[in-house]
Amino acid sequence: MRQLTCTASGAVEWCDVPDPTLDGPGDALVRPVAVARCEIDPLLVMAGPRAADGPGFGFALGHEAVVEIVALGPEVGAGAGAGAGSRLAVGDLALCSFQVGCGTCGPCTGGRSAVCAALPLLSDYGMQPLSGVEYGGMLSDLVRVPHAATMLVPVPAGVDPVQLASVPDNVVDGYRSVAPHLAASPGLDVLVVIHGNRSIGLYAALSALALGAGSVTVESDDPAVLGRAEALGARPVVTDFGRHQARYPLVVDCGTEGRGLLHAVDSVAHEGVLHSVSYYLDPSIVLPLGKMYTRGVQLHIGRAHSASSLPEVVGLIAAGRLDPAPVTTSVIGWDEAPERYLDDTIKLIVTR
Ligand SMILES: [Zn+2]
Ligand SMILES: [Zn+2]
Numbered sequence: 225m226r227q228l229t230c231t232a233s234g235a236v237e238w239c240d241v242p243d244p245t246l247d248g249p250g251d252a253l254v255r256p257v258a259v260a261r262c263e264i265d266p267l268l269v270m271a272g273p274r275a276a277d278g279p280g281f282g283f284a285l286g287h288e289a290v291v292e293i294v295a296l297g298p299e300v301g302a303g304a305g306a307g308a309g310s311r312l313a314v315g316d317l318a319l320c321s322f323q324v325g326c327g328t329c330g331p332c333t334g335g336r337s338a339v340c341a342a343l344p345l346l347s348d349y350g351m352q353p354l355s356g357v358e359y360g361g362m363l364s365d366l367v368r369v370p371h372a373a374t375m376l377v378p379v380p381a382g383v384d385p386v387q388l389a390s391v392p393d394n395v396v397d398g399y400r401s402v403a404p405h406l407a408a409s410p411g412l413d414v415l416v417v418i419h420g421n422r423s424i425g426l427y428a429a430l431s432a433l434a435l436g437a438g439s440v441t442v443e444s445d446d447p448a449v450l451g452r453a454e455a456l457g458a459r460p461v462v463t464d465f466g467r468h469q470a471r472y473p474l475v476v477d478c479g480t481e482g483r484g485l486l487h488a489v490d491s492v493a494h495e496g497v498l499h500s501v502s503y504y505l506d507p508s509i510v511l512p513l514g515k516m517y518t519r520g521v522q523l524h525i526g527r528a529h530s531a532s533s534l535p536e537v538v539g540l541i542a543a544g545r546l547d548p549a550p551v552t553t554s555v556i557g558w559d560e561a562p563e564r565y566l567d568d569t570i571k572l573i574v575t576r
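Counting from 225, one number per residue, gives the positions in the sequence shown under the numbering used here.
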């Protein structure tokens, strides 16, 4: 089968690889039909395969997808009896968790599926360099999905499946940065500071609007981000990430730059929440912990939990309360993926 593969730093090409097979009774085989580019993908491609994997090694790309179910093992599907897997059927469209998890260990059943105890940390599709394990990538003709009963969530009727491609990762990532805080304190005024990883911050703003935030402000130095934020219904504010312009009880930090993070910290109201969806490569970034202690800034940081969060987010989409489509900036054809996967655009979706 054909698999979009990163074969060297900056190099993306179709490669022929063996078809995956149903290896366990709880497995599914799926055919991705729409794949969104995650914010990490360009970084993975530029870094290229790990030297430890030797010359000629390439890794599969793509981990945010809407898939068609092609085959199901005997423990999933309508014939398998009651349980989450019984709602899956061959031919149906589903969203697939980008993180591979067992669905039954303590972390998986406790809503923390990103740290499944049964698999190595960072067991994800399309990210072999992070875990060292190749699970396959969504820009492929077929993908094996173990533990399909918890990994797959059916696409709701009546929505454009292509526009849901980013839901398993970047949409869920934005959502979880605001949802628990707005549930605890409804109507909070929300600030999203965006200095990179643009779509995740915009999905956070979109989620805050959907969840009834008192107001949603997006601060950025990126005109494309501010234009898109305004189109979503958020209030766009230009910043150079210097002194705060106002303080908010809930601030989302989204990006890659230390000065952006410090601006986000500075923009939190006393005893407010700072939720960072950012991974900082630079180990020299220093947080003003003394100031944060005195002002009571509550810092949340960590990965999203894709399988745990998908049912809740898909429920909002099915109810017509959340629509990720306005963040999409480019939809391209499947065959264009090698040439266009690194296009400079906020949210790229590849579809068949
Ligand atoms: Zn991702
Ligand atoms: Zn698990």
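Glycine residues also receive a C-beta, built at the ideal position from the N, C-alpha and C atoms. Just so we're clear, the structure is a prediction, and the values are computed from it rather than from any experiment.
- By the beta-carbon neighbour count (other beta carbons within 10 angstroms, threshold 16), I570 is buried.
- Rounded to whole angstroms, L312 and R400 show a C-alpha spacing of 25 Å.
- Cα atoms of G451 and A458: separation of roughly 10 Å, rounded to the nearest angstrom.
- Residues whose Cβ lies closer than 5 Å to any heavy atom of ligand 2, listed in chain order: G325, C326, C329, C332, C340, A342.
- DSSP places C239 within a strand segment (E or B) once states are collapsed to three.
- The alpha-carbon of T333 is positioned some 16 Å away from that of P370.
- A distance criterion of 8 Å places the beta-carbon of F283 beyond contact range of ligand 1, judged by its closest non-hydrogen atom.
- Linking P279 to T231 through their CA atoms gives a straight-line distance of about 10 Å.
- Looking at H405, G425, G360, M362, the one whose alpha-carbon comes closest to that of G436 is H405.
- Shortest gap from the CB of H287 to any heavy atom of ligand 1: under 8 Å.
- 9 Å or more divides the Cβ of M362 from the Cβ of L268.
- Between A338 and S530, the CB-CB gap stays under 9 Å.
- Using a Cβ distance threshold of 9 Å, I573 and A389 count as a contacting pair.
- For S500, the uninterrupted beta strand (DSSP E) segment begins and ends at 492 to 500.
- Within the same chain, I293, P378 come within 7 Å of D316 by CB-CB distance, once the 5 residues on both sides are set aside.
- Looking at the DSSP output, I293 bridges to V254.
- Assignment of G309 by DSSP, reduced to helix, strand and coil, places it in the helix class.
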